[in-house]
Amino acid sequence: MSEPADAGTAQGLEPPPSRRAVLLGAGVTCVAALAGCSTYDANNGGVAGPPPSAPATSAAASSGGGTATGTAPASNALASTAQVPEGGGTIISGKNIVITQPQAGSFKAFTAVCTHQGCIVSSVSGGTINCPCHGSKFSIKDGSVVNGPAASPLSPITIEVEGSSIIQG
Numbered sequence: 001m002s003e004p005a006d007a008g009t010a011q012g013l014e015p016p017p018s019r020r021a022v023l024l025g026a027g028v029t030c031v032a033a034l035a036g037c038s039t040y041d042a043n044n045g046g047v048a049g050p051p052p053s054a055p056a057t058s059a060a061a062s063s064g065g066g067t068a069t070g071t072a073p074a075s076n077a078l079a080s081t082a083q084v085p086e087g088g089g090t091i092i093s094g095k096n097i098v099i100t101q102p103q104a105g106s107f108k109a110f111t112a113v114c115t116h117q118g119c120i121v122s123s124v125s126g127g128t129i130n131c132p133c134h135g136s137k138f139s140i141k142d143g144s145v146v147n148g149p150a151a152s153p154l155s156p157i158t159i160e161v162e163g164s165s166i167i168q169g
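Residue 86 in UniProt numbering sits at position 86 of the sequence shown, with consecutive numbering throughout.
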């Protein structure tokens, strides 16, 4: 004799979920996972949460380039010229700006938000501005893409040097 179709419920077991319930649960799980992974903030074009980044270095060699960090010298200044090594740069984390000095006395500024997926760049070394998320590299001279996956350059930011202070212009 065969068992009745509802033998599982007769023994106190719940029947297996219907196909509709399984598909609905999978859909809800996927939507929740995607929402949890999303970091793009349409209001400011950057990342909504804390940016993934490598720990900042406190100084860089003046001849080899690198990244320098520190506080700005004046309340309206982004950085001092001494904070931006020749052949390197410094990342102004509170402003999402990277300032570079490709040649002595020539300062450039770009957004620190990578054009690939909105991560914040983490370092400046070897003549490039480097994104930690997927390895994109940008030129310190003009923000152009040196190595993808980013396809667009970093947007330039207007700055002015007043004495030893670099201010956003």
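Using N, Cα and C, we set each Cβ at its ideal position, and we do this for glycine too.
Residue nearest to serine 93 within the set Thr81, Phe110, Gln103 is Phe110 (criterion: CA-CA distance).
Cα atoms of glycine 169 and cysteine 133: separation of roughly 29 Å, rounded to the nearest angstrom. Residue state for glutamine 83 is assigned as helix, using DSSP reduced to three classes. Excluding its 5 nearest sequence neighbours in each direction, glycine 135 has C-beta neighbours in its own chain below 7 Å: Asn147, listed in chain order.
Under the three-state reduction of DSSP output, leucine 78 falls in the strand class. Relative to the Cα of serine 152, the nearest Cα in the group Gly163, Gly118, Arg20 belongs to Gly118.
With contacts defined as CB atoms closer than 7 Å, cysteine 114 and alanine 150 qualify as a contacting pair. Contact annotation: the segment 156 to 165 does not touch the segment 119 to 132, with fewer than three C-beta pairs closer than 8 Å. Sorting Gly105, Ile157, Gln103 by C-alpha distance to the C-alpha of alanine 112 places Ile157 at the top. In the DSSP annotation of this structure, serine 164 is not part of any beta strand (DSSP E), being labelled neither H nor E. With a beta-carbon spacing of about 7 Å, isoleucine 99 and isoleucine 159 fall inside the 8 Å limit used to define contacts.
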